[in-house]
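Residue numbers (my numbering), protein chains in the order written: chain S, 80 to 318; chain H, 80 to 318.
Reviewing the structure listed below.
Number of protein chains: 2
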Amino acid sequence: TIATEVLNLLHPRHDLAGETILITAGGTREPLDPVRFLGNRSSGKMGHALAESAAARGAKVILVTASPLPAPQSATLIRVDTAHEMQSAVLAQLPQATIVIAAAAVADFRLREVALNKLRRNGPLTIELEPTEDIVAHVVANRRPGTLVIAFAAETESLEENARAKLQRKGADAIVANDVSLPGLGFDSDSNAGLFLTGTQTISLEPASKQVFAGRILDHAIALRAQTVFRTEKELSRT
Amino acid sequence: TIATEVLNLLHPRHDLAGETILITAGGTREPLDPVRFLGNRSSGKMGHALAESAAARGAKVILVTASPLPAPQSATLIRVDTAHEMQSAVLAQLPQATIVIAAAAVADFRLREVALNKLRRNGPLTIELEPTEDIVAHVVANRRPGTLVIAFAAETESLEENARAKLQRKGADAIVANDVSLPGLGFDSDSNAGLFLTGTQTISLEPASKQVFAGRILDHAIALRAQTVFRTEKELSRT
């Protein structure tokens, strides 16, 4: 209930003690020239709220952020600018993580060739973009067995369908899908709403403040972890 | 002297009473699709510092900003996102301005066609850009006689040469040139340094906090206004 959630915000349980949660946040920026960049509208509020919430619940938190938001209390903070910097930081921290939550919105494209000096505005300009690193795919490929990976999908159409396709393509354990075309929710706003999808489940995440929303994601992460541990033990007992 | 400047920050003279100063600030964002954009690294700190300082010195201030920074005290605030929105707001306010200071960093290019839904990261992508509105040129063309126009130039090479060319091309009365390639100065930082150029003068602006820097720009603006009034009166007396 809402009352329980409010109480939990005030007096957090230490149910994440023992976990090391690696969280990405913010929108990365890919330079076009020394002053202009390709960016993503993510404010970083969701990722920073997850970091605050996880730390309050006893987890060791490592936050890799492209957002200018202030550092959350009791989290290790690593500030990055580009997708490449974010990936390097994440892969360096990955070995110690038990849960990875990729809340950052990576600017998925970067310039094939970055201009060394400021481009002049003389007329039309054609620029060639190439995809940036797929950070979640690299995390899935390089994680230790048992490390839970939760991705985010910001969609503007066919929310569940696109997010489920992304979940499968990336090989993550779960994906938080949010519809950023809804006014007052998602990017830059203080609230969020969406779906928590696993390979077998579709759970609705009702509109809530990013603090409450963060708590629910962590609740679902713990439940998913319990299932995974149970399944792994069952598989082990069969061999 | 520095001491005088500190005293002025604490106890501002009301030497801008009677002036209406229209200030632009921040970096505009041009959408690529609903989540990605082309942006400019300007933080808006310089423009917001100018607005604070001008208001403290008795001016009526209208701030058109693309920055998420909080509203300065006693300024009329208009928030915008794109260059087109900024230009519309500026031209609407222009008739009442006696001084215009264009501190915003406009994302000089926008997409020829904006994607309505999120672009998929499937491979390389070629995008066509076109120049955005030239806000300062429109201000110069549409200002009332006597309205002073001060532009900004953020340069990464040949500072004075590029800024002087921009001053002439735009027809502004003065231009504040800053070298954004210097570490610790300009974009995103709390300090600034550069040159104040008029048609006949090159004045060095030594490194200073953006608050002190803003005060110096306003000092030079007042001096320039006095010269302009004197020249206009001389011309009138000759006829």
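Ideal placement from N, C-alpha and C gives every residue a C-beta, glycine not left out.
Which residues in chain S have a C-beta closer than 7 Å to the C-beta of residue i? List them in chain order.
i        : result
Gly202/H : Pro210
Phe116/H : Gly118, Arg120
My output table needs one value for residue i: the three-state DSSP class, helix, strand or coil.
i        : result
Arg304/H : helix
Leu95/H  : coil
Glu324/H : The question about residue 324/H has no answer, for chain H in this structure spans 80 to 318.
Gly123/H : coil
Glu212/S : coil
Ala130/H : helix
Ala82/H  : helix
Ala135/H : helix
Ser146/S : coil
Give the interface partners of residue i over in chain S, defined as CB-CB distance under 8 Å, in chain order.
i        : result
Ser260/H : Pro113
Arg248/H : Per Cβ cutoff of 8 Å: no residues; Arg248/H is ~11 Å from chain S at best.
Thr66/H  : No answer is possible for residue 66/H: the residues shown for chain H start at 80 and end at 318.
Ala184/H : Val114
Kindly identify the DSSP beta-bridge partner or partners of residue i.
i        : result
Val140/H : Ile100/H, Ala154/H
Asn206/H : The residue asked about is misnamed: residue 206/H is Ile in this sequence, not Asn. Ile206/H is bridged to Ile206/S.
Arg115/H : Asn119/S
How many whole angstroms separate the CB atoms of residue i and residue j, which I take to be in contact at a CB cut-off of 8 Å?
i        : j        : result
Val169/H : Ile214/H : 6 Å
Lys289/H : Lys124/H : 5 Å
Ile180/S : Ile100/S : 6 Å
Thr107/S : Ala162/S : 5 Å
Ala184/S : Ser121/S : 3 Å
Thr155/H : Leu173/H : Wrong, their Cβ atoms sit about 14 Å apart, outside the cutoff.
Ser146/H : Gly105/H : 3 Å
Leu129/H : Ile296/H : 7 Å
Gly273/S : Asp258/S : 6 Å
Ala171/H : Glu109/H : About 21 Å; that fails the 8 Å criterion.
Leu227/H : Asp252/H : 5 Å
Leu208/H : Arg191/H : 7 Å
So which residues on chain H does residue i lean against when the C-beta distance must stay under 7 Å?
i        : result
Asn196/S : Thr235, Glu236
Glu207/S : Pro203, Thr205
Regarding residue i and the ligand GDP, is the C-beta to nearest heavy atom distance less than 7 Å?
i        : result
Ser270/S : In the structure on display, the ligand GDP does not appear, and there are no ligands present to speak of.
*Please list the segments of the alpha helix (DSSP H) lying wholly inside the stretch 227-302 of chain S, counting only runs of 4 or more residues, in order along the chain.*
Listed in chain order, the complete alpha helix (DSSP H) runs (minimum 4 residues) inside the stretch 227-302 of chain S are 238-249.
*Sequence ranges, beta strand (DSSP E) only - wholly within the stretch 148-204 of chain S, length at least 3*: The qualifying runs are 154-158, 178-181, 188-190.
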